[in-house]
Amino acid sequence: MMVLHKVSVIISVYSKDRLEYLLDCLDSLRRQSFKPFEVIVVLDPLRDIVDFYKSRLDSDVKVIVSNGFGLSNARNAGVKNAEGDVVAFIDDDAVADRDWLKNLMKNYWSPYVAGVGGSIRPLWENGRPIWFPEELDWVVGCSYKGLPEGKAFVRNIIGCNMSFQRWIFEKFGYFRVDVGRFGKLLLGSEETELCIRVRS
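Once you know that position 120 of the sequence shown is 501 in this note's numbering, the rest is easy, because the numbers rise by one and skip nothing.
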């Protein structure tokens, strides 16, 4: 049985408006039952964003600046600076369940397990709106109805709750920078493309 001990958690941030969300995310990572080896916050390369966050984040967070704009560039910068055996990704506006990392890491029992993901549920401030069924949760970046609820092989894992063994990037390459969210362009699927490449 293969044992992986260190996980690097990567969070990308592109705007000063994300601070409150990011602090909640970081608090949830500090409360993990399986402690991360490191937490890396990757910032878009804008001086005001870099100065803003560097002056507000605690020293237990490794802050780096991406060499390009957009989610794929940020995730790639995080992976290149990570020291963990596994790199896990969470969105800056997500709050991790206390056992998030524990549940990810216990599934790396074989060197052939390239990546592990999990479900993403919306946190509604005032409860789920009656008019918004579970089938539409994917619209707000969450898991969609029909995904496996237990362990299963899937074509791709969802970016807000995904992890990979770090060697995957060395062997198959990084996230494509011509795919993924960039500025006001909200197209995604850079993680889908990577998963398809790894599986082929």
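Quick reminder that beta carbons are idealized off the backbone N, C-alpha and C, glycines included.
Straight-line spacing of the CA atoms in N457 and E506 works out to 32 Å.
Between L485 and S409, the CB-CB gap reaches or exceeds 7 Å. DSSP places G449 in the coil class of the three-state scheme, outside both helix and strand. S436 and S581 have their C-alpha atoms spaced approximately 43 Å apart. Going by DSSP, E419 is part of the beta strand (DSSP E) stretching over 419 to 424.
D473 is not a Cβ neighbour of Y555, given a cutoff of 7 Å. Taking the C-beta atoms as reference points, V394 is found nearer than 7 Å to V422. Bounds of the alpha helix (DSSP H) holding V579 are 571 to 580. Sixteen is the threshold: since fewer than 16 other Cβ atoms of the shown chains lie within 10 Å of the Cβ of S414, the residue is exposed.
W481 counts as buried, since at least 16 other C-beta atoms from the protein chains shown sit within 10 angstroms of its C-beta.
L407 and P492 have their C-alpha atoms spaced approximately 29 Å apart. Classified as buried, R547 has 16 or more neighbouring CB atoms from the shown chains inside 10 Å of its CB. In the three-state DSSP reduction, N542 falls in the strand class (E or B).
In the three-state reduction of the DSSP assignment, F470 falls in the strand class, which pools E and B. CA-to-CA, the gap between P426 and R509 works out to about 36 Å. DSSP, reduced to helix, strand and coil, places G496 within a strand of the structure shown.
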